[in-house]
Each structure stands twice: as structure tokens, then as C-alpha cells.
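*Asks:*
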Amino acid sequence: MKKGIFTIEQNVPLTDSVYRLRLAGDASHVTAPGQFVNIALPELFLRRPISVCDAAPGLLTLIYKTVGKGTEKLAVMSPGQTLDILTGLGNGFDVSLAGKRPLLLGGGIGSAPLYLLARYLRQQGKDVAVVLGFNTKSEVFYEKEFHALGCDVTVTTADGSYGTPGFVTDGLPENYSFYYACGPEPMLRAVYERAAGSGQMSFEARMGCGFGACMGCTRQTLAGPKRVCRDGPVFRKEEILWEA
Amino acid sequence: MKKGIFTIEQNVPLTDSVYRLRLAGDASHVTAPGQFVNIALPELFLRRPISVCDAAPGLLTLIYKTVGKGTEKLAVMSPGQTLDILTGLGNGFDVSLAGKRPLLLGGGIGSAPLYLLARYLRQQGKDVAVVLGFNTKSEVFYEKEFHALGCDVTVTTADGSYGTPGFVTDGLPENYSFYYACGPEPMLRAVYERAAGSGQMSFEARMGCGFGACMGCTRQTLAGPKRVCRDGPVFRKEEILWEA
Amino acid sequence: MGSMSVTLCGVPLDNPVIPASGTFGYGYEFAQLYDINCLGTFSFKGTTREPRFGNPAPRIAECQGGMLNAVGLQNPGVEAVAARELPRLRECFHKPVMANVSGFSLEDYAYTCAKLDREPQVGWLEVNISCPNVHGGGMSFGTDPKAAASVVRAVKAVTKKPVIMKLTPNVTDIAAVARACEDAGADGLSLINTVQAMRIDLKTRRPLLANGTGGLSGPAVFPVAVRMVYQVYEAVSIPVVGLGGVSSAEDVIEMMLAGATAVQVGAANLRDPYACRDIIAALPAAMERYGIENLQDIIGGAHHG
Amino acid sequence: MGSMSVTLCGVPLDNPVIPASGTFGYGYEFAQLYDINCLGTFSFKGTTREPRFGNPAPRIAECQGGMLNAVGLQNPGVEAVAARELPRLRECFHKPVMANVSGFSLEDYAYTCAKLDREPQVGWLEVNISCPNVHGGGMSFGTDPKAAASVVRAVKAVTKKPVIMKLTPNVTDIAAVARACEDAGADGLSLINTVQAMRIDLKTRRPLLANGTGGLSGPAVFPVAVRMVYQVYEAVSIPVVGLGGVSSAEDVIEMMLAGATAVQVGAANLRDPYACRDIIAALPAAMERYGIENLQDIIGGAHHG
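Protein chains in written order, with the numbering used here: chain A, 1 to 244; chain B, 245 to 488; chain C, 489 to 793; chain D, 794 to 1098.
(1) When you compare the CB of MET991 of chain D with every CB in chain C, is at least one pair closer than 7 Å?
(2) Straight-line CA distance for PRO49 of chain A to SER705 of chain C?
(3) Give the residues from the segment 1063-1076 of chain D that approach chain C closer than 9 Å (Cβ to any Cβ), ordered along the chain.
(4) From the DSSP output, in three-state form, read off LEU1001 of chain D for me.
(5) Hey, PRO113 of chain A and GLY34 of chain A are a contact pair by Cβ (cut 8 Å); roughly how many whole angstroms apart?
(6) Measuring only between beta-carbons, confirm whether MET215 of chain A sits less than 7 Å from chain D.
(7) Kindly give me the distance between the Cβ atoms of CYS619 of chain C and LEU561 of chain C, rounded to whole angstroms, as I take these residues to be in contact under 8 Å.
(8) Going along the chain, which residues of the segment 810-844 of chain D sit with their C-beta nearer than 8 Å to a C-beta in chain A?
(9) Along chain B, which residues have their Cβ under 8 Å away from the Cβ of MET555 of chain C?
(10) Checking 7 Å against the spacing of the C-beta atoms, do ILE680 of chain C and GLY732 of chain C come in under that value?
(11) Give the secondary structure of ARG641 of chain C by DSSP, where H, G and I count as helix, E and B as strand, and everything else as coil.
(12) How big is the Cα-Cα spacing for ILE1073 of chain D and ARG883 of chain D?
(13) So is LEU330 of chain B buried or exposed if we call it buried at 16+ other beta carbons inside 10 Å?
(14) In the DSSP assignment, what are the bridge partners of PRO225 of chain A?
(15) Suppose contacts are defined by Cβ-Cβ distances below 7 Å. Is GLN857 of chain D in contact with PRO707 of chain C by that definition?
(16) If you compare alpha carbons, which of B:SER355, B:ALA342, B:PHE390 and B:LEU318 is closest to GLN368 of chain B?
(17) So, at 7 Å on beta carbons, what are the nonlocal neighbours of CYS297 of chain B in its own chain, with the 5 sequence-adjacent residues on each side left out?
(18) How should GLY88 of chain A be labelled, buried or exposed, when 16 other C-beta atoms within 10 angstroms of its C-beta is the threshold for buried?
(19) Mind checking if PRO546 of chain C is an interface residue toward chain B, Cβ cutoff 7 Å exclusive?
(20) Please return the same chain residues whose Cβ sits closer than 7 Å to the Cβ of LEU574 of chain C, not counting the five positions on each side in sequence.
(21) Please report the Cβ distance between ALA723 of chain C and ALA663 of chain C, rounded to the nearest whole angstrom; I am assuming they are in contact, meaning their Cβ atoms lie under 8 Å.
(22) Buried or exposed: which applies to PRO301 of chain B, given that a residue is buried once 16 or more other Cβ atoms fall within 10 Å of its Cβ?
(23) Return the bridge partner residues of ALA892 of chain D from the DSSP annotation.
(24) Skipping 5 residues on each side, what residues in its chain have a beta carbon closer than 7 Å to that of ARG471 of chain B?
(25) Taking the alpha-carbon positions, what's the GLY80 of chain A to LEU59 of chain A distance?
(26) Mind listing the chain G neighbours of THR462 of chain B? Cutoff is C-beta to C-beta under 7 Å, in chain order.
(27) Closer than 7 Å, CB to CB, is GLY789 of chain C near chain D or not?
(28) Run through chain D and tell me which residues come within less than 8 Å of MET1 of chain A, C-beta to C-beta.
(29) Buried or exposed: which applies to GLY454 of chain B, given that a residue is buried once 16 or more other Cβ atoms fall within 10 Å of its Cβ?
(30) Could you tell me the distance, in whole angstroms, from the CA atom of ALA126 of chain A to the CA atom of ASN1062 of chain D?
(31) What are the boundary residues of the beta strand (DSSP E) that ALA1141 of chain D is part of?
(32) Run down chain C in chain order and give the residues with a C-beta less than 7 Å from the C-beta of PRO469 of chain B.
(33) For the segment 964-978 of chain D, list every residue whose C-beta sits within 9 Å of some C-beta in chain C, in sequence order.
(34) Any idea what DSSP makes of THR408 of chain B, helix, strand or coil?
(35) Nearest by alpha-carbon distance to PRO165 of chain A: which of A:VAL155, A:GLU174 and A:PRO173 is it?
(36) Using beta carbons (cut-off 7 Å, strictly below), is PHE211 of chain A in contact with chain D?
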């Protein structure tokens, strides 16, 4: 983890409520795809955790959805303004588990962190299948970007207005070596129940600190209580426990 | 009273700790010299009361001293930024009492509101004598500006580094028709005791609302409890009561 | 569009927004700024039997997310209020007003309430047993259930108007005080008064307020107020007026979900004299955003289901 | 340059800044960020006899000027703390540590304190009788002077280390609880724990926290903490550790002027993991600005003269 000041280079909407934020600053502490950052915002006490969509030397790309005060404040910020950000938070996905034909499953805004994962896996020459699930056509984002990485991309929409009708679980390919999933808990649970084989899942949680100090985001697992912010947000399928 | 949004046109230091703030906006509710405005600042709950140094259609000039969080925040603001301000607060000085040769007595930052008063009185063709008291030479401001209005200006410094050595009460002229004083309470009390004849004095107070609602700045007078923000800040010599 | 109206102790309000006592004077200053008939009602400056100058200056301090005050119940006394303030109020406000009363003895409370009971424009008596800034009275009645009940009985004996007891948050068990007031015949409760607090001046090394301690109000206390309104709503069946740091239409809705029938707005008026007018104007859009047809229906909504 | 050192219950501290329990884990996460030996000491995560998972999620909510938490004393239990956490702590922290203990019965408190009494690195036992987020225990001991005293006696019987009782602000008379603890043999007091509060989600119309209520911390409670430290300093002669919303070197000085011998920093660590390091670094300049030679000399300074 590292605390740093980042300068906004770009903050543009991709859909009605999803924005892409490009930040200039020291991104060297982002060590794995699936990690997140924690952003301090004026007049808000708690930082806001946002998953990392892409990272390069000196450049950080985040995709966020306006769901409350914090993200709404973020959405009105302009290039040139600076942000106090904690980077390199969370364990991230374990790319060593991917096998030859990894499958990436994203639900809504949960698709964002899969982009950096897909880029890593493609660099390793893997055949990467991506299924992105959205509610409706107008909410779809980054389909082209995943294509451009050379992924085999399927988009599903719950209302059938675009791509395959239904949920990501309705777009599962025939065979794959390992899956990585990120999205809302009901989607993760559906994947857990429907998707064959082993995988890793990235969870969301309401966090206090974001770096393991406050026990605010603890989740029970088969391996005991785990902090989503520090022991996660990515967990192996085999350790996940669902609340009844 | 009127709530309005003002745009900073100029915010420049006149001394180490005194700044002049020029604001564009509706100044029409400033109806008398000696009134003040109340400025909302980000992340501070209470507004900050600042006396009006000058007012013209569409233009407000304030002079303030950095004495705490609020004025320090103000001092770092830049032209183009906007401020939420309540204008036209307080009773102000009664120019009808001036007589032929009014005397204006300012102590430190208390000299600021006397400028608009001097301008009004000069417009009425009065002979205006001004005595401005400061601690030391480096703290002197607006001597030239009062000169430019055609006032007879005396500056006193407590350490004798400039002008007449001593306090404003050491620079009192021979004869004058009425006095107007603004400054720290010890100075006002000295004026009250030393200056002959009648006068008006403008008091400072720690305020809650600034418009008469909270009773936070009440001061006991011979005419009963008075709100400095609403019944004052200007009081007639004859009604003033000093705490023992 | 739905309805914002609620009924408080049998008296209808066009909307639940009520400027809190001590932040709205006797209405006069605000009536010069906007038509205060847009308010549900307002609670006027805490009034006592005799005129009071209040505490020495400074009476105000600032803190993050709020302010401290130690005004100490400055008011002209009930005779002057009846003779001077209420006639002036009638000219600009045409709804029942909430009369806030403080005292230092049961006799004080009874005397002042009896006087105000005769005033036709007074719709409710809000009896303050929670002022943290006066000694030998005020809060001392509000921190003990028995003492609180004795004030309720003293006041109920002299008035037919609805009696709302204003409670202090500076207690271990606010539900116990609330129950004691209900059992003694109170028609309603308002909470929270300010939280006793202190700031110290690093330069002088003395408390910033001449009174030493003061009452904390503003957004900083809002979550404490929501908790106490929620607890009191579960403890009693008389209506609760929620206050403490309310600054927006969303805050009003949150207070009502916690159990408030009406909501007072205090410190926010001091930062922005138009706060109440603007909150009322913002309520319809906020109601629509959260799928609220009638405000009356959401009172205590957080307790069900 | 003057000195920042103070003495807490006979144990010297290089400076009065102490990360508060529950915001600093067992030190490990922070030791990876900076050398935590710059701290006066720190109070580790509230430890109980048995391991605890704590409350269901969500455990965290936000508010203006602070946050609510309802973690519910998640901890691995005293055996695991002794076997796993303290050995790991010895590697990165070379000062006496403050051991924070919670319980649900006198036996719990005595058992856990007896275990920690054997740990050489434990310099103080901070006994939490003020957790607002657990049922049948925690705060229930802290709201009654007699119950508080009984915990003090149970703990003092099993340890020679200084015992600091951590008090809750959710009481009518904190001075009475403080006096009862002193009379029962407590060596020091720390206050305030969090203020019981609630937020409600307007979308779901349910409390934001799964536990319903939570504890408010952060700058919002600072003036309440200053007031209580001031009142307790007048009521007792044992040292007081001040906490509640402290976020800057100036806040540390204000707390000490109110009567604090040492000052804990809680919620600020969660917004900024470097908060304590930066506050300590800022203290010398702040001391100079306010003409303070030695911090030890200003303890309770606001009470004199």
C-alpha cells in the first residue's frame, strides 16, 4: 500500500452512471489485477474504494458507478484537480491459476477490474473468454476494449436488449480451465452454483479503512473470518461461505 | 439582508496579515457604512463576519485580517472562485450625526469600515479628520486611500515606528463635531474615556448567525440587551455599558 | 403529487418542517426574508417567567460539523412575549405557533405555561427540560425521570393545549425519561436538545465559551438524534418531534423513518436563514426519489418489516 | 526544543499520542507503512476470552464529520493474541503496548486480564466497559458506577499492571462512573468510547448497520470528548487518557489542556493510515506556536487560573 497524490487527466461518462477516471501519479504499488484503491474526497470522512481497471507506469485507470455521495462528488471533478489516494489495496486475482483457457465473468461495474486481468492473461498468451452481464443495452461498457485485447467476448443483458438474453450464467462457454468472477453478490452466488470447475471471486463490501485495520468489512469463510479489504477482495471458490 | 453569490475579482495582501478582497455581485443591500457581510466558507459551519470597506453597484470591497481558520481559508482563495455571502447586515454608522467636522478613529483592521464612511461624508462636503492607529509601521494600510478622499489623516503607531507615537487617543485633533470609532474593545474604551463630545462606536463580537436570530452576540447596554449583529454593530456612546 | 401534511398532537401541519427554538427568534427576522407561512410551524425562543439576559460572552464556538452555544435562555420574559412579540407575530404568521418554555422551578414552568395557555395563536407548549447552559434548572429536570414527570404534571395542570416535553440527550437512558413523561400525561416529546460539549482556546488555555461548557448542535449530532428518536419511538406511543443536525430534505425523511411525526431544524437556520424554506421546497422531489406518496405514512417506517 | 514525553500510570511515553483500540489492529498493518516505534504506545484490538466473529455486515456507516461502526469486538481470542499476535508485534514494536480487554462477565474480564498480565510487553491493561455494539456486557458495565467498580476490583485482583478503565460517553454523569472506578482502585481512565448512534438507509428504509445502532467516532464527537475529559479531570486524581475525534496536533494539545495525560487517536487512522505519525511530527511546531515548553506541563491547564 502507498498513499499518493494523483492528478485527474480524464473523467468521462461511459454510460448514464458509469465513468472512466484516468489519473496521473505513482501507480507502481498496484501489484496485481483485481486490487483496488481508496480515494479521499472533500467533506467525506471515509475514503471510497474503487477497483483498478488498468495500471501502467505513472497512469491509473478506474471505472466507477455513481451510487452515492462519494461517487457523485467524484463524477463532477475535472482534469487538473488532484486526489489523495491509497493504492495497492487488496490481494487481487491469482493469474497463476488461470490455466490455458481462463474465463472472466463480469457483472455490471464488476467488469472493470477484469480488464487489467484480461490484459495480463493475454500477455501470457492465454485464450481468454469474457462474459459481461448488464441489465440493459444502455449500460454496456468496455465490450470493444476487451475485444481489442483479443478476448472472446460475450455480452448478456437481463432484458435481452443486447447480446445474449439473460445473465452471465446464461453465457457460460463449453469449456474453460478456470474462472474469475466479479460482480454483485447474487451474480457471484449464481456463478458459484452454475459454473463448473474452480475459480476466484472478487467481493464488494462496505469498508471502513480499506487496509485491514478496522474489521469493518469482515466476511465469514470456510477458512475463518476474512477482511474483504485485506485478505480479499478476491477469494477462492473453495473457501467461500454464503449467508443463508 | 440578502443572500447572494459573489465572484472574487481580487484577493491581495495589504500587509503581512491584512488582505483586500474585491467581489463582483449584487451589493445593493449595503445601505450604510459600518455594515458587515457574513461569508460561508467550505467545511466551516459558521459564516465569517467581515465589515464592508467599500461598496458600489455590482462591486463589494472587504478588508480582512487573517486571525483564524476562516480568514486563513479566505486568504488562499483566488479570482474566479465564488462565495456565498449575506450582505447588508447590521445597522451601520448614522451619517446624519456627523456635523461639520466629523472625526473618524480606526484601530488596526477596524480602520476598514471607516473608508466607506469617509467617502459618504466627503461626498456631503464635510471636513473629515481620520486617525488610524496601528501597532507598527509594517501594519499600516489605507493611509493613502483616506488621503485620496481628501481627509485629514493622522497615523499613530504604538511602537513609534511611523507617524505619531502612541495610540489613536494620542492623535485626537483639537476640535471636531462628532466621532466615529471602530477597533478592538480596549481602544474603544480609551476613546470613550478620552474623546470629548458625542460619538458612535462599532463593536466586534463572536457571532452565531449574524442576522439577529441566535442571541449569540448579545451585549448589555444602558438601553438593555442588544444584539451586536442586528441592533449594532454600531452603538451610540450614550448607550454603551462596559464590563467591569 | 403526494402530501407533506402530518398531524402533531391533533393539530394539522402543512408539512413537518419546524424551525427549532432558539434559532428563529420570535419569527420576525425571518419574516423579513421570506413568507414564513410556508413552515409547518415554528418553535419560538425559549421563554421564561422573568426576563433573562443570559450568559456572558463569548456564547458561541465552532467545531467540525457544527457549533457550540451557551446563550443561556436570553429572552424578554413571558409578559413581554405576550404583550410585544406575539402581536407582532400575528401580522406575519397565520398558523398555530409552538411556544417554547423554560423554567427553574415547577412554579416557573406552571406560571409561564399558564400565561401562554391564554394566547390563541399558541398551538403547542414545548416544555424545555433540557437546556445544558443554565444552572439550577433546565437540564436538571430532564436527566431524572421523576423530576421530568413532575414538570409534566405541573404544566398539564394549567393548560389544555398539547404539551410537548423537550428532552436532553445527555442521559444514560432517554427511553426511561420519555416513558416517565408519557406516563405523567405528556402529549408529545421533542428530541434531541444540544449535546453538552466544550472547546478550549489554545492561545488563552481557557474554555472558549464564558460559560465553560455549551451545547453542541449541527450535522455532527444528527446520527445521535436519529438513534434516540428511534429508541424513544419504540418506548412510547405519543408523537415524537425529531431534531438534531437536520440540514436537508433527506435528513427530514431519515428522522421520520426513525419515528418522528414532525422534524425541527435548528443550527442550519443560523448558517443559512433560508434553510427551512429550501428544505420544504426540496421535499417533494426527495419524496418522489424515495417512492414516498404521503409523508405521514413513513413515520417510524424503519421499525417495520 | 521542549519535551513531548509524559508519564502514564508510572510508565514513561516518548509522546502522548496513542492509536486507539480497534483502529490499529495489533499493529502489524501499520508497521508495514511506517516505524510504529515513533508512537507513545498503541492500544491493541479489543480482546476477549473467546474468539469472536463480531456483528454481521454492514458494520460501517458514514456521517458528517465522522463514521459509525458496529464491528462487535471481532478478535481471535486471548490465547491466539498471546500465541500469535504478541510475538509478531515484538518484532516491529519495542515499547510497552496497551492491552485492550473486553468481556461479558466479571469472570471474562478477570480471565483475559490474568492471561495478558503474564505478557511482558503489556504495559497497561485498558479495560473496555463501554462497547456500545455488543449485548449483555460491554457498555452495560460502563453505565452503572457499581457495575463499573465491580469490574475494576475483578481485574485489579489478577494483575499488577496499571489498569485503565475505558468509559462510555452514553451516560448522564460520567464523573460518577469515573469516581467509582477510582475508588475501586483503577490506576487510570480513558474516555470517550464511541457515542451510540444510528443512520437509516432511505432506499431500504432500514438502519444502515446490520446491528441497528453503532458507535459514532470522528471529529464530530471531539467537543463532547473535551467536555467529558474536563469534567472527569475535576472529579478524579488518577490520570485520564483523552480520546474522541482527535485528528491533529492542535487537538492533542486541546485534550491535554482539558486534562488528558495522554491522547488516543482513533477514527483518524482509518481515513489516513499515517495520521498518528503525522500528528507526532506536527507536535513540536504546534507546541512552539502556543508557547509550550514541555507537554507534561499543560495537562489540565484549562482548569487553572
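Each residue gets a CB set at the ideal place from its N, CA and C atoms; glycine is no exception.
*Replies:* A quick look at the data gives this:
(1) yes
(2) 31 Å
(3) Those would be none; no residue qualifies.
(4) coil
(5) With a Cβ gap of about 5 Å, PRO113 of chain A and GLY34 of chain A count as contacting.
(6) yes
(7) 6 Å
(8) GLY815, THR816, PHE817, GLY818, GLU822, PHE823, GLN825, LEU826 and LYS838
(9) PHE289, LEU290 and GLY452
(10) yes
(11) helix
(12) 22 Å
(13) The residue in question, LEU330 of chain B, is buried, as its Cβ has 16 or more Cβ neighbours within 10 Å.
(14) A:GLN220
(15) Closer than 7 Å, so yes.
(16) B:ALA342
(17) THR305, LEU306, ILE307, ALA356, PRO357, TYR359 and LEU360
(18) buried
(19) yes
(20) GLU607 and GLN609
(21) 4 Å
(22) So PRO301 of chain B ends up on the exposed side.
(23) As computed with DSSP, ALA892 of chain D is found in a beta bridge with D:LEU918.
(24) GLY456, MET459, CYS461 and THR462
(25) 14 Å
(26) Structure shown: chain G not included; protein chains present are A, B, C and D.
(27) Yes, its Cβ sits closer than 7 Å to a Cβ of chain D.
(28) GLN825, LEU826 and PRO1066
(29) buried
(30) In the sequence under discussion, the amino acid at residue 126 of chain A is Lys, which differs from the Ala named in the question. If you take the alpha carbons of LYS126 of chain A and ASN1062 of chain D, they lie about 42 Å apart.
(31) Nothing about residue 1141 of chain D can be reported from this structure: the residues present for chain D run from 794 to 1098 only.
(32) PHE541 and GLN562
(33) VAL964, THR965 and ASP966
(34) strand
(35) A:VAL155
(36) It does; some Cβ of chain D falls within 7 Å.
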